[in-house]
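Novice:
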Amino acid sequence: MLNLVALILLFPLIGTVINGLAGKRLRKETVGYLACGAIGLSFLVSFMVFIGLLQLPPDERLFEKHLFRWIESGSFISAAALQVDPLSVVMILVITGVGFLIHLYSIGYMHHDKGYHRYFCYLNLFVFSMLLLVLSNNFLLMFIGWEAVGLCSYLLIGFWFEKKSASDAAKKAFVVNRVGDFGFALGIMLIFLTFHSIDFTEVFSAVSHGNFEKGSFTVTMITLLLFIGATGKSAQIPLYTWLPDAMEGPTPVSALIHAATMVTAGVYMIARCNALYLLSPFTMTVVASIGVITALFAASVGLVQNDIKRVLAYSTISQLGYMFLACGVGAFTAGVFHLMTHAFFKALLFLASGSVIHALSGEQDIRKMGGLKPHIPVTYKTFLIGTVAIAGIPPFAGFFSKDEILLEALVRGNFIYWSLGAFAALLTAFYMFRLLFMTFHGECRVDHHAMEHLHESPKNMTLPLVALAGLSFVGGFFGIPGANALEHFLAPVLGGHGHTEVRGAVSAGHHGAWLPYLMMVISTAIALVGIFLAYQMYIKKPGLSKKLAERFRLIHKLLLNKYYVDEIYDAIFINPTKKISTQVLWKVIDVRMIDGSVNGIAWLVGRIGSVLRHLQTGYIRNYAFYIVVGCILIIVLAVFGR
Amino acid sequence: MTNVSIMTFNILSILPILILSGFGMIVLLVDVLSSRRLGEKNLLAYISLIGIILAAIFARSPAGTTLFSFNESFAIDNYSLFFNFIFLLSTGLTILISHSYIKREEINHGEYYALILFSTIGMMLMAAGADLLNIFIGLEVMSISIYILTGFKRSKLISNEASLKYFLLGAFATGFLLYGISLVYGSTGAINLKQIASFIASKGGISDPVLLMGMGLIIIGLGFKVASVPFHAWVPDVYEGAPTAITAFMSVGPKAAGFAAFLRILITAFGSAHDEWQKIIYILAILTMTTGNVIAIAQTNIKRMLAYSSIAHAGYLLIALVSANDMGVSGTLFYMLAYTFMNIGAFAIVIVLSRKGDEFIQINDYAGLGFKHPLLALAMTLFMFSMAGVPPTAGFVGKFYIFSAAIKSGYIGLAVIGVINSVISVYYYLRITVIMYMKEPTREFAPLTISPLIVAAIAISVIGTLHLGIFPSKVMEIAQQATLMLK
Amino acid sequence: MPMLSLVTFFPVIGVFFILFMDSRRKELVRVTTLLVSIVVFVLSLPLYFNFNAHAYEMQFVEKLPWIPSFGINYHVGVDGISLFLILLTTFLMPISILASWHITKHVKEYMIAMLVLETGMVGVFISLDLFLFYVFWELMLIPMYLLIGIWGGPRRIYAAIKFFLYTMTGSVFMLLAIIALYFLNYRATGNYTFNLLEFYRLELSFAVQFWLFIAFALAFAIKVPMFPFHTWLPDAHVEAPTAGSVILAGVLLKMGTYGFVRFCLPLFPEASHAFIPVISWMAIVGIIYGALVSMVQDDLKKLVAYSSVSHLGFIMLGIFAFNIQGIEGGITQMINHGLSTGALFLVVGMLYERRHTRMIADFGGLTRQMPVFATFFMIVTLSSIGLPGLNGFVGEFLILVGTFKSRILYASIATSGIILAAVYMLWMFQRVMFHEITHEENKKLTDVSKREFAILLPLIIVIFWIGIYPSSFLRKMDASVNHLLRQTGEGVNSVSRLQKQNKQTMPQIDIVSETKTEWE
Amino acid sequence: MLAYLFYIVAAITVTTAVYLIFEKNPVFGALYLIQTMVSLAVLYILLEAQFVAAVQIIVYAGAIMVLFLFVIMLLNLDIGEETKNALPYQRIPAILMGIALFTIICIVIRSKLLQGKQDQYTTAFVQGVGNTKLIGNLLFTEYLLPFEITSILLFVAAIGAIMLAKRKL
Amino acid sequence: MITITHYLVLSAILFTVGVIGVLIRRNAIIIFMCIELMLNAVNLSFVACAHYLNSMQGQLFVFFTMTVAAAEAAVGLAIIVAVFRNKETINIDDINIMKW
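Protein chains in written order, with the working numbering: chain A, 1 to 642; chain B, 643 to 1129; chain C, 1130 to 1649; chain D, 1650 to 1818; chain E, 1819 to 1918.
1. Provide the residue(s) that pair with Y1203 of chain C in DSSP beta bridges, ordered along the chain.
2. Tell me whether the region 244 to 259 of chain A and the region 275 to 287 of chain A touch, counting them as touching only if at least three CB pairs, one residue from each stretch, are closer than 8 Å.
3. Given 6 Å as the limit, tell me if A206 of chain A has its C-beta closer than that to any heavy atom belonging to the ligand HEM.
4. Can you tell me where the beta strand (DSSP E) holding V84 of chain A begins and where it ends?
5. Answer yes or no: does any C-beta atom of chain E fall closer than 7 Å to that of T1781 of chain D?
6. Against chain B, which members of the region 608 to 625 of chain A pass a CB distance test of less than 8 Å?
7. Assign F1719 of chain D to buried or exposed, taking buried as 16 or more other Cβ atoms, counted over all protein chains shown, within 10 Å of its Cβ.
8. Measure the C-alpha to C-alpha separation of Y569 of chain A and S610 of chain A and round it to an integer number of angstroms.
9. Would you call the region 1786 to 1799 of chain D and the region 871 to 886 of chain B touching, i.e. three or more CB-CB distances under 8 Å?
10. Hey, which unbroken runs of the alpha helix (DSSP H) at 4 residues or more fall wholly within the region 768 to 843 of chain B?
11. Which residues, in chain order, does the region 1843 to 1867 of chain E contribute to contact with chain D at a C-beta distance below 8 Å?
12. Should V1901 of chain E be flagged as near chain D, meaning a C-beta pair shorter than 7 Å?
13. Does the distance from the C-beta atom of G232 of chain A to that of V179 of chain A stay below 7 Å?
14. I'd like the list of long-range same chain contacts for A1289 of chain C, defined as Cβ closer than 6 Å, with 5 residues on each side in sequence excluded.
15. Which of the residues in the region 629 to 640 of chain A, read from start to end, lie with their CB under 7 Å from any CB of chain B?
16. Which same chain residues end up closer than 7 Å to H499 of chain A when comparing Cβ atoms and leaving out the 5 residues on each side of it in sequence?
17. For A717 of chain B, list the residues DSSP reports as bridge partners.
18. Based on the DSSP output, what are the partners of N1324 of chain C in its beta bridges?
19. Quick one, which residues of the region 1056 to 1078 of chain B are near chain C if we go by CB-CB under 7 Å, in chain order?
20. Along the chain, where does the beta strand (DSSP E) that runs through R1759 of chain D open and close?
21. Taking the straight line between their C-alpha atoms, what separation do you get for I1758 of chain D and S965 of chain B?
22. Nearest by alpha-carbon distance to M1026 of chain B: which of B:L854, B:G1060, B:K745 and B:Y981 is it?
23. Taking the beta carbon of P1357 of chain C as the centre, do at least 16 other beta carbons fall within 10 Å, making it buried, or is it exposed?
24. Less than 7 Å between the C-beta atoms of G771 of chain B and L686 of chain B, yes or no?
25. Give a yes or no on contact between the region 889 to 908 of chain B and the region 784 to 801 of chain B, applying the rule of three or more CB pairs nearer than 8 Å.
26. For S289 of chain A and K381 of chain A, I'd like the C-alpha separation in whole angstroms.
27. According to DSSP, what are the bridge partners of F983 of chain B?
28. Can you name the residues of chain B whose CB is closer than 7 Å to the CB of L1832 of chain E?
29. For a cutoff of 7 Å on Cβ pairs, would you count I1753 of chain D as touching chain A?
30. Taking CB distances under 7 Å as the criterion, tell me whether G596 of chain A reaches chain B.
Shown next, in the form of structure tokens:
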């Protein structure tokens, strides 16, 4: 069954090709169902692969499928080969599963769009790329997937290319990702230089053979470079700026790419390279610190945003920060666990918000919403589940995963991580419920024009919502303390570094076995406090937020403008570069200096020519004079020149 | 009378000269006898051509080897034979391109052909002369003929002026040459090149300043003939003023003859004093090519431009002279031959495009030629690229040869200056093609009346330029054999 | 079967046919030329299939005496390095001719120039005799010069002359160096020859290598063009007709990089090693500088032209990494750049044909009108950016790996070029293809015609092919590149010693005493 | 005695030569040149070159200079012919150059001289045969070729003179 | 004792005077005469050398020089006449259409 793994990739590819080449001529239904079917089949095969993997003994759950030799140059070999192990299986299940639901949702959501076939072509391509990313067995192939998802992200963000903001956002996403890729690519090269191979198995086995001492410079460099890549793709500080803008794309795209799957690629990569990362405590500290700071930072921006999708975007950044925090403290399983649950509830939230936007004919500003609860009940309910999940209320998915991260941060990291993380959790609960309240509760601020068209979404849109809501509800149980199904499953990959050991250590004594339970309580309490504050501010005393905003005008403005990071980047990097390129490099160095000197020499020679030609006066006596002068010189040279 | 040496007289060795002079007379006679009746005077051109062909047939060593006759003052060796071939070729081509030109310009006199033939005699004497006297006489025969030919359009002031300039300066330079010869004679007691050489060898090199000065003055005299800076000043004016066909002839024949004598004198007579004269020629070479090229850029008249280009080419040839090795000599021969084809070809096209009284010799008059007369333009392009030294043309192989010679002797600096110059030259040669192909025509091209003779001349030039560029091997071998004889 | 000669000179045979055609029958001339070029391409295919990938020796060798008195032979052959450049040339030629269908002025002359150009280009890549090489090298200048000068844009004359003079300037010094090699070889072996393979065996002192390297490198660096010798390129590209730009970018620029691989490295291994920092820094500056300047261009062709400076910087960097990845990457990237930049010029040309402007500001929102075109354009853009899965990535990544292996710093800086590539290409793409249509004229644009489709499709196929299955290319060059490395590698050990020497005294070439022959 | 003769004749020669270049009237100039040539003929006799001396007077001073005078007369040049002077600034440098040239030549000549091979034609030998006869012998034996070529030269000159100067062809 | 040096110095003086004359005079005929003066100087040098070398070649050379001078004179004067016909002057400073 494992041999079928190539099919997982093949189906979406076929979907892409057919829709890409012939989609224009196909009927809309055909296009949509073709795309969905491709992903559905992919999901089925993924599941079969999963079953196949389960049938193997835990230690042998690694399957490689060699397809063909890709790049071979001297000792540099990168094959097109796939690798199935528990980690990738989890990923492909999430990708194809969530992907399928989102495809389904898109059929309804994008129904009226002119670029229907283009959309599904891109979407299938994205799934293909993402699967390639997680299934590849070496860094370079992974890099293909890595860049290809970036490309799809670019294409999909810029899907409505006629909107300037959309195409700008697309370009920004691609470029910022490229900055990250720069690190990733260098990382791969350094890996090749260090290990003489870029195959996962070979690299990690070299590591596990203990050829490298902990904290060695090379490994630190490798991991840091890879982490730069991860910050790009997973929107961490300082490369997160593209993600909020990416909301210009269609909402299902935001759900699939910019929430559920692609942005988690960085986490996946770090988890994949856990063996390397564990060798470099310094990098781990960096990862954890960036993670927690991002979590807090994004959450704080999320507090004041008014665009429904932007709030979700910042929340995504924040949640990704959690995952990095987990990885950074060594709790890779917790990271992957959160990755999974986050995929469920964030996809849900986005799709639900999409449903809201759909209902309001494209309105995204939450200040123009409110009181929608009765009009779109299914959306509301599912949105509520998602919100609760992300806020961390037991027993929803987000609770377990986030709680575990916070616990690990405290146990394996330090108090600061925990407290920052916890504070971010508080903010998360607050802004998510602010979003919920402002959208669905309170008075209705929708303009009457949109009101007329207000309707609940069709079945094919609500069905995925419900399904995802279900997943958000049950998703947490895969990693519930005690059962630890996920943890055990992932153990061969994330290995002894997983958190069983920690649990063991914990239960063995430092803090006592009560700690996890205490933490659960504290987490829940934090979430509740957040919800309460939101309730107070947006339901009970609707004016309070404005007052607070005026009171802390500076901070509010700072947050509202996202700390002016975009502006700062513009001022520091983009504008000077453009200006220097135009004014100095091109106009001065190129045109004036280099070309100027080239033309100058030509001009000079011509000039000398036109000056010298006047020696040719036309007077015989002058000519004779030249002869005499030449004569004297030659005689002098001949006779005395020795 | 026993003490008078027996002359080594070999009439066969001067057979080409005799043939040419005979045909020169015949032309004159026919001209006189047939003066009014023949009208077109086509016959004269054909007679001259027959003479040239006959001379070419007989221009070979009777014994097949080197032959010195006339008391060792006249050398029939491969060297002089090669040059003879160049002279005859350039003369032949000149007659081909002259035919229609002189008719159009109404200077269609029999003397024209005769003088060309006589000047060829002078050139042959220069190339074959093994003593200074023969070289001097040859030079004068050649020069005086060309003074006259330059002034042949006697009703045109421009032609008179050119002739006067050329004549006065030429005579002036002759003074220096003669003075040089007299000093060389005074300090060696000989005018025969070999005797001079053996005298110098017996002294173990030149130490006598008088001899050095004599050598320097000879360099001046010949430098004038080959248009080396600073003795070049006559060239542009004379080239511009002379009848175009004669300009073509002048830029090739006398220059080749000058180099023939130059090489023979410097290498045969002063070969062991190479170090003494190389530095002079070195400087002359640099000055000549640079001045020629740089000023050529500023020209707008195509004849003047070609004149400066001719100066520049003299500079390249001087490079070969400096290197003074076997390659330098054979390179000179090859280059001269190549230059004959491409330069006469270019002038032929100038002639084709000009009309009476309206010579169209401004470069801008060529605008739009490229697609109006594609074949002519193509030929002109070929000649221009050849002069610029772009493969696969004769000019490239020639330059390659000359720079090889320079590098072989270690004159890398000179070679570098040479190639920089050839880049500069590309600019103005290219400008012709630019104007022909890339500018819109500014004038109407009247339907050209092209005589078959000039077409033949252009065709020969094209074929020669290409053949020497693509299959230079045979000619190179001959040129290489020629060099063995000099020393 | 003299395969190589057939490929090289078949276009000339075609020229003879066309020469005798009535210049008013334009369609006939075009079709004939296209057929000729296709035949040439087909003729060149056996080179690929019959090429023995395991041998580093020259294959399909032909050797005939040409100018025996100079030891010059018509000596041609192919190895894994030149093979693909020949194929690239013959492949791009039919495409370029097809892309020249809109030329209506002097069609016959145009087509003749194209065919002569093809002969020259193929000749450069197959020559194993330095004299022959130089002849082809210069020969190909003439038709290109005419193409730019006659069928070019408004400033065509300036551009054409600049192109010619720039290239000529570099190459004349190479000519001198070739001659010097000839005599040095004679001094060492007593053989008068221009045979490259014999020159390979020559052991030159460092000082000699130093100067000869400079002479060769100057010619090639101008051709590449490396910063700061690049300024002819934007002008030439902007003014050249579309097909001219394609050939120029696709093939002519490769001659510079090819020259480095074929001549500079194996002939002067020690000097090449000593020059690694110089060349590498020039390449790096070129990468960054080209990208930055490209970014702010408002003319599409200029933008692509400057991007070439950047791309070729990568190639140079790879070649001077002196390891198999770097050089194979460099060669692959030569092909890639030929394909993707060639395709970019074609795309720009199609826009120009429709709108008669190349200003980015005159476009915008074209995707709506020309979806198929947009797809092609997008793929080509991405290929140029070096997106994995497309051709550009393979070369670029190998180059970077190679460079990284030898000099981490260089690779690190150069890698930032791939960021910038994304910036300028995507920004351009966005401004041309995205947004609303702001110019009325653009609303009337038509999508690609059948002919244009036929032009672009082969390129796109190859772009994907190399990206997905580069082994079919890399495998053929392995043996040759390994051999090249062996040739240059011998110098590596002594290079540090030599560099030390180099620091103490500026090398003085001593050809004078080394080659001076007295008049005998 | 001969030395005095030399000095006197030399002085005359130089003086007339200098007069030539400063004389306004071309007719007088020609006469000065004739005088110079005649003086030179005297010197030739001092140098035992009787034939050359004779030819100098007959051909040079006689024929050639008469031709000059003839042309001067023909053109009927007035003395003010040289009024236009486009290059007044060249006068002084020209004279300086001439002096420099002379100085250099003198320096050269002062060094060593006449290391050349002595030939057989000693004074005694020449007197034995006779200068003219000897020259005649040589002209028709060793120097036959240039002698014959000279005929072409003169022929060319004749043609040329007619071509260029004849009023109507 | 009159040595060859005396003759050669005299020859040099005459030559130089001729050169100066060419450089400073403007009448074409006078310039031509100055050239003749130079040739005469050379002849003197030839004859003197021949005398002191006991050689005849110098005298022969002078013979040829004179012939050449005669030919040049014929042609040169003809040219001057031709110029005068068209230009009505033989002041060479006026004969200056072609330049640069």
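No residue lacks a Cβ here, since even glycine has one placed at the ideal position from N, Cα and C.
Specialist: Based on what the coordinates show:
1. C:L1193
2. With the cut-off at 8 Å, the region 244 to 259 of chain A and the region 275 to 287 of chain A do not touch.
3. Among the components of this structure there are no ligands whatsoever, and the ligand HEM is therefore not found.
4. F76 to V84
5. no
6. Within the region 608 to 625 of chain A, the qualifying residues are I608, G609, S610, L612, R613, L615, Q616, G618, I620, N622, Y623 and A624.
7. exposed
8. 54 Å
9. No: the two stretches stay apart, fewer than three of their Cβ pairs being nearer than 8 Å.
10. 774 to 792 and 799 to 830
11. Within the region 1843 to 1867 of chain E, the residues whose Cβ lies closer than 8 Å to any Cβ of chain D are, in chain order, R1843, R1844, N1845, I1847, I1848, F1850, M1851, C1852, E1854, L1855, N1858, N1861, L1862, V1865, A1866 and C1867.
12. no
13. yes
14. Excluding residues up to 5 positions away in sequence, Y1274, I1277 and G1278 lie with their Cβ nearer than 6 Å to the Cβ of A1289 of chain C in the same chain.
15. V629, G630, C631, I634, I635, L637, A638 and V639
16. Any reading at H499 of chain A must be qualified, since the residue scores a pLDDT of 46, below 50, and its modelled position is unreliable; no value is offered.
17. B:F710
18. C:D1258
19. A1057, V1058, V1061, S1064, V1065, V1068, Y1069, L1072 and V1076
20. Segment R1740 to R1759 is the alpha helix (DSSP H) holding R1759 of chain D; no beta strand (DSSP E) there.
21. 30 Å
22. B:Y981
23. buried
24. no
25. yes
26. 35 Å
27. Per DSSP, none; premise fails for F983 of chain B.
28. Per Cβ cutoff of 7 Å: no residues; L1832 of chain E is ~11 Å from chain B at best.
29. yes
30. no
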